[in-house]
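Engineer:
The following block contains the structure:
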């Protein structure tokens with residue numbers, strides 16, 4: 043079973059894909075714990091979907107019953123844009139949250155897709171998001187002026203290890219911008235603050 047975009051999809055393919063996305067949404071909402079959707083969607087270049095599904099984050103934060111539906115709708119929209127990136131994002135979420143293979147095996151469509159692709163474990167699905175890509179850190183910083191910078195550097199290194207290089211550049215820029223603002227604040231205080239934003 044391969045994922046086909048366009049008019050050549052068979053009804054069977056569409057049904058399996060829909061079942062896969064529904065089961066992935068259920069698995070993520072039930073088993074993955076807290077997912078930082080803002081970061082994850084931007085890492086995989088789906089950041090604009092937050093505007094399409096505005097309740098995704100709030101339904102997760104408040105434990106609302108429509109969280110699973112919002113996850114499904116987000117995955118469907120992402121899948122229409124780029125199936126491969128969506129599958130990579132799902133794998134990333136499952137690996138990042140530590141969902142075990144035994145749990146995944148309870149979801150037949152997910153298991154079938156992994157089996158039909160002749161994949162023995164999740165790390166083989168998309169090597170570009172595998173933990174085994176590299177253990178080299180992009181930034182090797184040991185002292186931080188603030189926990190914000192520590193978290194941001196960890197995020198940059200995580201993106202680099204997963205091979206999500208566009209996110210590395212975006213978050214590196216954010217790091218540099220915030221460092222520059224902190225330096226300017228220290229030098230000039232809060233006078234003319236609009237100059238450094």
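In our numbering, the protein residues as written are 43 to 239.
From the three backbone atoms N, C-alpha and C, an ideal C-beta is built for every residue, glycine too.
Can you tell me whether residue 225 is buried or exposed? The criterion is at least 16 other CB atoms within 10 Å of its CB, across all chains shown.
Structural biologist: With fewer than 16 Cβ atoms within 10 Å of its Cβ, residue 225 is classed as exposed.
Engineer: Using beta carbons (cut-off 7 Å, strictly below), is residue 219 in contact with chain B?
Structural biologist: Here there is only one protein chain, and chain B is not present.
Engineer: Are there three or more Cβ pairs, one per stretch, closer than 8 Å when the region 184–200 is compared with the region 208–217?
Structural biologist: With the cut-off at 8 Å, the region 184–200 and the region 208–217 touch.
Engineer: Return the chain-ordered list of same chain residues with a C-beta closer than 7 Å to the C-beta of residue 128, the five sequence neighbours on each side being excluded.
Structural biologist: Within the same chain, residue 128 has close Cβ partners 117, 120 and 121.
Engineer: Would you kindly work out how many angstroms separate the C-alpha atoms of residue 60 and residue 98, rounded to a whole number?
Structural biologist: In a straight line, the C-alpha of residue 60 is about 19 Å away from that of residue 98.
Engineer: Excluding sequence positions up to five away, which residues of its chain have a Cβ less than 6 Å from the Cβ of residue 149?
Structural biologist: The answer, listed in chain order, is 65 and 69.
Engineer: Please return the same chain residues whose Cβ sits closer than 8 Å to the Cβ of residue 84, not counting the five positions on each side in sequence.
Structural biologist: Excluding positions up to five away in sequence, the list reads 209 and 212.
Engineer: For residue 73, which option in 126, 103, 56 and 136 has the closest C-alpha, if you only look at C-alpha atoms?
Structural biologist: Of the listed residues, the one whose Cα sits closest to residue 73 is 136.
Engineer: Around the Cβ of residue 131, are there at least 16 other Cβ atoms within 10 angstroms (buried) or fewer (exposed)?
Structural biologist: It is buried - the Cβ of residue 131 has at least 16 other Cβ atoms within 10 Å.
Engineer: Is residue 183 helix, strand or coil by DSSP?
Structural biologist: Here residue 183 sits in coil by DSSP.
Engineer: If you count every other CB in all the chains shown that lies within 10 Å of the CB of residue 101, and 16 or more means buried, which is it?
Structural biologist: Residue 101 comes out buried.
Engineer: What would DSSP say about residue 208, mapped onto helix, strand or coil?
Structural biologist: If DSSP states are grouped into helix, strand and coil, residue 208 belongs with the helices.
Engineer: Measuring straight from C-alpha to C-alpha, what distance separates residue 13 and residue 75?
Structural biologist: Summary: the structure shown does not reach residue 13, with the chain confined to residues 43 through 239, and so no result is reported for it.
Engineer: How would you write the range of the alpha helix (DSSP H) that residue 138 sits in, first residue to last?
Structural biologist: Run containing residue 138: 125–138, per the alpha helix (DSSP H) assignment.
Engineer: Using 7 Å as the threshold, is the C-beta distance between residue 115 and residue 95 below it?
Structural biologist: Going by C-beta atoms, residue 115 is nearer than 7 Å to residue 95.
Engineer: Considering Cα atoms alone, identify which of 235, 185, 139 and 217 is closest to residue 77.
Structural biologist: The shortest C-alpha separation from residue 77 is found at 139.
Engineer: State the Cα-Cα distance for the pair residue 191 and residue 56, rounded to the nearest angstrom.
Structural biologist: One C-alpha to the other measures close to 44 Å.
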